[in-house]
Amino acid sequence: MDVRMTERPIAELPYAAIDFESAGAAPGETDLPIQVGMLCAPSLFAPVEFFTTYLACERPVRWSASRLHGITTADLKGAPTMLSLWLTFRHFLAGRVVVGHNPSTERRFLRVFPAHGFGPWLDTLALARHCIPILQDLTLSSVCEALGVVSAVDQLVPGKTWHHALYDAAASLEALRAVVRALQLQDRPLRTLQFALKVSD
250 MDVRMTERPI
260 AELPYAAIDF
270 ESAGAAPGET
280 DLPIQVGMLC
290 APSLFAPVEF
300 FTTYLACERP
310 VRWSASRLHG
320 ITTADLKGAP
330 TMLSLWLTFR
340 HFLAGRVVVG
350 HNPSTERRFL
360 RVFPAHGFGP
370 WLDTLALARH
380 CIPILQDLTL
390 SSVCEALGVV
400 SAVDQLVPGK
410 TWHHALYDAA
420 ASLEALRAVV
430 RALQLQDRPL
440 RTLQFALKVS
450 D
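Counting in the working numbering, the sequence shown runs from 250 upward without gaps.
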């Protein structure tokens, strides 16, 4: 992890947030991404830049996954491959603190770009578990409801809802913003949130 970054004030660092939706997988299969949403900002409370797209997939979207996010195999017709979007991913994620809600899937899908170096990663699930210990349901929607930021997410990404990749990415960012505001952590170094940080891949 970049020590220089962890010593800088939380509110002054550049941030990105990312979420993937996936095709679903049968036992023994590897899951594949079919939609990505990303936001980035030069500092935590600055205006954000957005990007979202469907992604080409080499197999059909499973019914169980489609029931969750509403994306069908037909929606992916003509979608770009992840590899063709390398410059876009680098623009949004490189040199930033990357935010996600339990982002193990995001980190795994990004391994299609070897040695990309994105991160450090800030996990809003770990953040909520530590900062809102009375909250038993730690799903992203429940965390955002508890923090009172659902309307802020709706305003940031109008017309979208839960399990749309851009909406969920925006929700992670708004959750982080809410915790930082509530605990007045703006001027504290990023290492204050060490319990929620993971090194880059």
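Don't be surprised by glycine CBs; every beta carbon is placed ideally from N, CA and C.
None of the values given here were measured: they were computed from a predicted structure.
Neighbour-count burial assignment, residue i, 16 or more Cβ in a 10 Å radius
{"i": "residue 335", "result": "exposed"}
{"i": "residue 295", "result": "exposed"}
{"i": "residue 421", "result": "buried"}
{"i": "residue 448", "result": "exposed"}
{"i": "residue 284", "result": "buried"}
{"i": "residue 436", "result": "exposed"}
{"i": "residue 276", "result": "exposed"}
{"i": "residue 432", "result": "exposed"}
Bridge-paired residues (DSSP) for residue i
{"i": "residue 300", "result": "287"}
{"i": "residue 370", "result": "347, 447"}
{"i": "residue 268", "result": "286"}
{"i": "residue 438", "result": "258"}
For residue j and residue i, believed in contact at Cβ under 8 Å, the rounded distance
{"i": "residue 302", "j": "residue 328", "result": "7 Å"}
{"i": "residue 286", "j": "residue 418", "result": "4 Å"}
{"i": "residue 259", "j": "residue 441", "result": "7 Å"}
{"i": "residue 300", "j": "residue 367", "result": "About 15 Å separates the two Cβ atoms, so there is no contact after all."}
{"i": "residue 288", "j": "residue 266", "result": "5 Å"}
{"i": "residue 213", "j": "residue 256", "result": "Lying outside 250 to 450, the shown extent of the chain, residue 213 is not represented and no answer is given."}
{"i": "residue 321", "j": "residue 315", "result": "6 Å"}
Cβ contact (3+ pairs, closer than 8 Å) linking the segment 341-350 and the segment 410-428 = yes
ask   = Are the segment 268-284 and the segment 302-317 touching by the rule of at least three beta carbon pairs closer than 8 Å?
value = yes
ask   = Between the segment 355-369 and the segment 395-410, do three or more beta carbon pairs fall short of 8 Å?
value = no
Within the segment 371-407, ranges of the alpha helix (DSSP H) (whole runs, at least 4 residues) = 373-380, 389-396, 399-405
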